[in-house]
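Visitor: In our numbering, the protein residues as written are 1 to 228.
By construction, the Cβ of each residue, glycine as well, lies at the ideal position given by its N, Cα and C atoms.
All figures in this text were calculated on a predicted structure; none of them were measured in a lab.
Pasting in a structure now, in C-alpha cells, and then I'll have a few things to ask.
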Amino acid sequence: MSAAGIFAPDLLRGQVALVTGGGTGIGLGIASCLAASGAAVVLASRKPEHLEPAAESLRKRLPWLAINLLTAFFAAAVVGLFEGTIDLFPVLAVFMPIVAGMGGNAGTQTLTVIVRGIALGELSWSNSRKALLKEVLVGLGNGVVLGATAAAVVWIVRGSPTLGLVLGMAMIINMFVAAAAGTLVPLGLRAANVDPALASSVFITTMTDMFGFFSFLGLATVFARYLV
Numbered sequence: 001m002s003a004a005g006i007f008a009p010d011l012l013r014g015q016v017a018l019v020t021g022g023g024t025g026i027g028l029g030i031a032s033c034l035a036a037s038g039a040a041v042v043l044a045s046r047k048p049e050h051l052e053p054a055a056e057s058l059r060k061r062l063p064w065l066a067i068n069l070l071t072a073f074f075a076a077a078v079v080g081l082f083e084g085t086i087d088l089f090p091v092l093a094v095f096m097p098i099v100a101g102m103g104g105n106a107g108t109q110t111l112t113v114i115v116r117g118i119a120l121g122e123l124s125w126s127n128s129r130k131a132l133l134k135e136v137l138v139g140l141g142n143g144v145v146l147g148a149t150a151a152a153v154v155w156i157v158r159g160s161p162t163l164g165l166v167l168g169m170a171m172i173i174n175m176f177v178a179a180a181a182g183t184l185v186p187l188g189l190r191a192a193n194v195d196p197a198l199a200s201s202v203f204i205t206t207m208t209d210m211f212g213f214f215s216f217l218g219l220a221t222v223f224a225r226y227l228v
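Structure (C-alpha cells):
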C-alpha cells in the first residue's frame, strides 16, 4: 500500500494538518505521508515557543530587538536631514507620528495575513506575485481613503490645505511601502530560513518609519513656500 493510501487521500485532500514533533524522524514520516495524501502540512516543534523557558525566548528575541534599536537610529537620521524644515514649521512634528503610526499598523496587518499563509503552507516565494499585487492595491486604497480623510481634518483644524495635502500624500506613499514590505519581508526571511514571525516586524517598522518621515518631511520641504 502506498503512503498516500494509508491516510485516505479523498478525505485529506485540501485539508490542513498540524504535525507535532516535526523535528523527529517519526514526525517527518507522518508529515510526508500526509503531504502525499494531498493535505497541507504544518510542522510544529515538540515544545511551542510560548511554553519554552524564558531564557530560550530571550536568546531568540534579543538579537532582533538589538537590530531594531540600531535601525531606529537610521529613522532618527532621516528626521535629522530635515531639521531646518522642522525649525521653520514646528507643526510638522505634531503630524509625523500619524504618518509613521498608520504605516506601521498597515504593515502589521499585511504581515499577519502573509505569515498566516506561510504557516498554513498556502504561500511561498514562488506563488507570491498575486499576493503582493493584492496587498499593494489594498495598501494604496487604504492610503487614498485615509490620506484624504486626514488631509480634510488638517485643512479644517489648521486651515492649511497644503499641509493637509502633504500629510495625505505621505500617508499614501507610506501605506504603499507598508503593504509591499509586509508581503516581501516575511517571504524573504522564510526563504532565508529565518522565522518571519520573529524578525519581520523589525524590518517593516524601520521601513515605514524611514519612508514615512522622509515622504512627509520631504514633501513639506518641497511645498515649504505654500505652508506659510
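So the candidates are Val194, Leu217, Thr206; which of them puts its Cα closest to the Cα of Lys60?
Guide: One-based indexing of the sequence shown puts residue 60 at position 60. Considering only alpha carbons, the answer is Val194.
Visitor: Provide the residue span of the alpha helix (DSSP H) that contains Pro97, from first to last.
Guide: As a first step, residue 97 is located in the sequence shown; it is residue number 97 there, counting from the start. Run containing Pro97: 92 to 119, per the alpha helix (DSSP H) assignment.
Visitor: Report buried or exposed for Leu81, applying the criterion of at least 16 other Cβ atoms within 10 angstroms of its Cβ.
Guide: Here residue 81 refers to the residue found at position 81 of the sequence shown. Exposed, because fewer than 16 other Cβ atoms sit within 10 Å of the Cβ of Leu81.
Visitor: Quick one: Cα of Leu70 to Cα of Phe203, how far?
Guide: Residue 70 sits at position 70 when you count from the first residue of the sequence shown. Residue 203 sits at position 203 when you count from the first residue of the sequence shown. Looking at the two C-alpha atoms, the distance is approximately 11 Å.
Visitor: Take Leu111 as the anchor and find which of Gly139, Phe95, Leu146, Ile67 has the nearest alpha-carbon.
Guide: Indexing the sequence shown from 1 puts residue 111 at position 111. The shortest C-alpha separation from Leu111 is found at Gly139.
Visitor: Nearest-angstrom Cα distance between Ser57 and Phe223?
Guide: Taking the sequence shown and counting its residues from 1, the one referred to as residue 57 is at position 57. Taking the sequence shown and counting its residues from 1, the one referred to as residue 223 is at position 223. When rounded, the distance between both Cα atoms is 47 Å.
Visitor: Whole angstroms are fine: how far does the CA of Val185 sit from the CA of Phe95?
Guide: What you label residue 95 is simply residue 95 of the sequence shown in a count that begins at 1. What you label residue 185 is simply residue 185 of the sequence shown in a count that begins at 1. Spanning the two alpha carbons is a distance of roughly 27 Å.
Visitor: Please classify Val157 as buried or exposed, where buried requires at least 16 neighbouring CB atoms within 10 angstroms.
Guide: If you number the sequence shown from 1, residue 157 lands on position 157. So Val157 ends up on the exposed side.
Visitor: Pick from Ala150, Pro63, Ala55, Met102: whose alpha carbon is nearest that of Thr208?
Guide: Mapped onto the sequence shown, residue 208 falls at position 208. For the residues Ala150, Pro63, Ala55, Met102, the minimum Cα distance to Thr208 belongs to Met102.
Visitor: Under a three-way DSSP split, which group does Val194 fall into?
Guide: Locating residue 194 in the sequence shown gives position 194, counting from the first residue. Looking at Val194 - three-state DSSP - the assignment turns out to be coil, as it is neither helix nor strand.
Visitor: In three-state DSSP terms, what is Val41?
Guide: Against the sequence shown, residue 41 aligns to sequence position 41. Low per-residue confidence applies at Val41: pLDDT is 47, beneath 50, and the placement is therefore not dependable, though the value from the model is reported in the following sentence. Residue state, collapsed to three classes: strand.
Visitor: On the CB-based measure, 16 or more other CB atoms within 10 Å of its CB, does Pro196 come out buried or exposed?
Guide: Mapped onto the sequence shown, residue 196 falls at position 196. Flag for Pro196 reads buried.
Visitor: For the structure I just gave you, are there three or more beta carbon pairs, one from the stretch 168 to 175 and one from the stretch 214 to 222, closer than 8 Å?
Guide: Verdict: yes, contact present.
Visitor: Select from Thr183, Ala77, Val99 the residue whose C-alpha is nearest the C-alpha of Ser126.
Guide: In the sequence shown, the residue the question calls residue 126 occupies position 126. Among Thr183, Ala77, Val99, the Cα nearest to that of Ser126 belongs to Thr183.
Visitor: Our contact map puts Asn68 next to Thr205 with C-beta atoms below 8 Å; I'd like the distance itself, whole angstroms only.
Guide: Here residue 68 is taken as the residue at index 68 of the sequence shown, counted from 1. Here residue 205 is taken as the residue at index 205 of the sequence shown, counted from 1. With 8 Å as the limit, Asn68 and Thr205 qualify as a contact, their Cβ atoms being about 7 Å apart.
Visitor: Please list the terminal residues of the continuous alpha helix (DSSP H) segment that includes Glu56.
Guide: For the purposes of this step, residue 56 is taken as residue 56 along the sequence shown, with counting starting at 1. First-last of the alpha helix (DSSP H) with Glu56: 54 to 80.
Visitor: Would Phe73 be called buried (16 or more neighbouring beta carbons within 10 Å of its own) or exposed?
Guide: The count along the sequence shown starts at 1 and reaches residue 73 at position 73. So Phe73 counts as exposed.
Visitor: Using the C-alpha atoms, what's the distance from Ala55 back to Pro63?
Guide: Along the sequence shown, read from residue 1 onward, the residue named residue 63 stands at position 63. Along the sequence shown, read from residue 1 onward, the residue named residue 55 stands at position 55. The alpha-carbon atoms of Pro63 and Ala55 are separated by roughly 13 Å.
Visitor: Under a three-way DSSP split, which group does Glu83 fall into?
Guide: Position 83 of the sequence shown, counting from 1, holds the residue named residue 83. Note: Glu83 maps to helix in three-state DSSP.
Visitor: Smallest Cα separation from Leu187: which of Ile86, Ser128, Leu92, Leu219?
Guide: Start at 1 with the first residue of the sequence shown, and residue 187 comes out as number 187. Nearest of Ile86, Ser128, Leu92, Leu219 to Leu187, Cα basis: Ser128.
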